[in-house]
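Asker: I'd like to ask some things about the structure below.
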Amino acid sequence: MTKDDFLFLVETETIHDFIYKGKTYTITYDKSHDGRKWIIFGDIADKQKYDSVGEFLNKAKIENHFFKDMLDIF
């Protein structure tokens, strides 16, 4: 997946699952009570909420690697 592919997924709020080292990770979406959109990311045991694409790219990790650094790997 390229960064452009990722941005398209988020823009269209497309749910995406992928496997990395035997663990399944999911990108989903939700809204807060005040209408803010969240990006939800993680494996089945640990999901995190991110307020924006920028926050997601700067904070989301897969194991000890930032998601943004792994975009071309999946």
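Residue numbers (this note's numbering): -18 to 55. Backbone N, C-alpha and C define an ideal beta-carbon position, used for all residues, glycine too. Small disclaimer: the values here were computed from a predicted structure and weren't measured.
Check the C-beta distance from D11 over to W19 and give it rounded, since I have them as a contact under 8 Å.
Answerer: Residue mapping note: residue 11 aligns to position 30 of the sequence shown, counting from 1. Residue mapping note: residue 19 aligns to position 38 of the sequence shown, counting from 1. With a Cβ gap of about 5 Å, D11 and W19 count as contacting.
Asker: What residue from Q29, D15, I43, F37 has the CA that sits closest to G3's CA?
Answerer: The residue labelled residue 3 in the question sits at position 22 within the sequence shown. Selected option, being the one with the closest Cα: I43.
Asker: By DSSP, does G35 sit in helix, in strand, or in coil?
Answerer: The residue given as residue 35 occupies position 54 in the sequence shown. G35 falls in the helix class under three-state DSSP.
Asker: Indicate the three-state DSSP secondary structure (helix, strand or coil) for D(-14) in the structure shown.
Answerer: For the purposes of this step, residue -14 is taken as residue 5 along the sequence shown, with counting starting at 1. The answer is helix: DSSP assigns D(-14) an H, G or I state.
Asker: Looking at the structure shown, is D53 part of a helix, part of a strand, or coil, going by DSSP?
Answerer: The sequence position of residue 53 within the sequence shown is 72, counting from 1. Looking at D53 - three-state DSSP - the assignment turns out to be coil, as it is neither helix nor strand.
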